[in-house]
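Asker: Quick one: this structure, given as structure tokens, is what I'll be asking you about.
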Amino acid sequence: MSVSTRGKLNIVIVLGGLLLLALYFPYLWFGVTPFGSDTEFSDAEIAAFLDGKELPDFYAQDLPDITADELSEQKAAYSWCRFCHTLDQQGHNRVGPNLYGIFGQPAAVVDHFPYSDVFVELRDQGLVWTPDNMMEFIGDPHDFAPGNRMRYPPAIMYEMCDKRDRMIVEYLLRMTAPGAPSDETIALPELAEGEQPFDPCA
Ligand code: HEC
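Following my numbering, the numbering of the sequence shown begins with 5 at its first residue and continues without gaps.
Quick look at the structure:
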């Protein structure tokens with residue numbers, strides 16, 4: 005049985021379509037892009053972005069004393085972010101940039117990270133990360149920076165709430181500070197049998 009030319013063409017179109025979808029899907033869902041960039045800002049260039057901005061040292065401010073269990077809950081609140089971000093000083097970029105020392109740092113200056121044009125514009129407009137604008141950003145990333153590449157919140161089964169955002173920002177303040185312990189050393193909450201995972205929005 006011979007396959008007609010038209011039949012062959014259809015197969016090529018379907019396979020081509022599947023290939024395109026396979027290439028596009030990681031971008032659509034996770035913001036993954038194969039187009040790396042070699043951005044690297046010197047300390048002097050970063051200082052120039054901060055010029056004229058009187059910002060406190062956010063890491064020098066006191067944070068509430070919390071128990072080890074409460075710290076575990078903060079780590080759990082941050083779980084989705086961890087898919088795409090590392091917090092340690094030597095942490096590499098994942099789908100998102102490394103966040104070590106993010107507070108008081110201009111937007112979009114992490115080495116070798118391919119930021120979207122929207123983020124580059126925010127940097128050029130002088131955005132510097134503070135706990136307040138971080139709350140605003142993660143509360144609605146696509147309102148804060150329309151067209152950005154960060155796929156958060158996840159598309160399904162994810163409730164957003166201020167309490168989670170506050171826990172995440174406090175966790176970031178603790179874990180991206182100079183001299184902070186590695187995020188890997190913090191335990192997640194222990195679950196008793198049949199217990200539901202910790203839900204900050206419950
Ligand atoms: C699916 C992957 C993904 C998840 C989940 C994610 N991010 Fe991101 N994040 C990114 C990407 C990609 C960018 C860069 C966006 C751009 O260039 O448009 C980014 C950018 C950022 C930035 C700006 C960094 C800079 O250098 O200016 C911060 C801060 C940030 N994310 C924090 C968070 C926090 C906190 C969470 C959890 C609430 C989170 N992200 C969840 C992928 C992700």
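From the three backbone atoms N, C-alpha and C, an ideal C-beta is built for every residue, glycine too.
1) Let me check you understand the geometry: is the CB of residue 103 closer than 8 Å to at least one non-hydrogen atom of the ligand HEC?
2) According to the neighbour-count rule (16 or more other Cβ atoms, all chains shown, within 10 Å of its Cβ), is residue 114 buried or exposed?
3) Roughly how many angstroms separate the alpha carbons of residue 155 and residue 163, rounded to a whole number?
4) Between which two residues does the alpha helix (DSSP H) carrying residue 126 extend?
5) Could you say which of 51, 86, 203, 170 lies nearest to residue 161 if we only look at CA atoms?
6) Should residue 11 go down as buried or exposed, given a rule of 16 or more other Cβ atoms within 10 Å for buried?
7) For the ligand HEC, is there a heavy atom less than 8 Å away from the beta-carbon of residue 62?
8) Would you identify the three-state DSSP class for residue 36, choosing helix, strand or coil?
9) Given residue 111, which residues of its chain have a CB within under 8 Å of its CB, disregarding the five upstream and five downstream residues?
10) Going by DSSP, what residue range makes up the alpha helix (DSSP H) through residue 205?
11) Just to check, is the beta-carbon of residue 165 closer than 8 Å to a non-hydrogen atom of the ligand HEC?
12) Could you spell out the range, first to last residue, of the alpha helix (DSSP H) harbouring residue 170?
13) Using only CA atoms, which one of 46, 61, 140 lies nearest to residue 209?
14) Across which residues does DSSP place residue 132 in a beta bridge pair?
15) Pairs of beta-carbons, one from the segment 162 to 178 and one from the segment 81 to 92, closer than 8 Å: are there three or more?
16) Just to check, is the beta-carbon of residue 46 closer than 8 Å to a non-hydrogen atom of the ligand HEC?
17) Report whether the distance from the Cβ of residue 185 to the nearest heavy atom of the ligand HEC is below 8 Å.
Answerer: From the atom records:
1) yes
2) buried
3) 15 Å
4) 121 to 128
5) 203
6) exposed
7) no
8) coil
9) 123, 126, 127, 131, 132, 133
10) No alpha helix (DSSP H) holds residue 205; DSSP gives it neither H nor E.
11) no
12) 166 to 179
13) The requested residue 209 is not part of the displayed model; the chain covers only 5 to 206.
14) 110
15) yes
16) no
17) no
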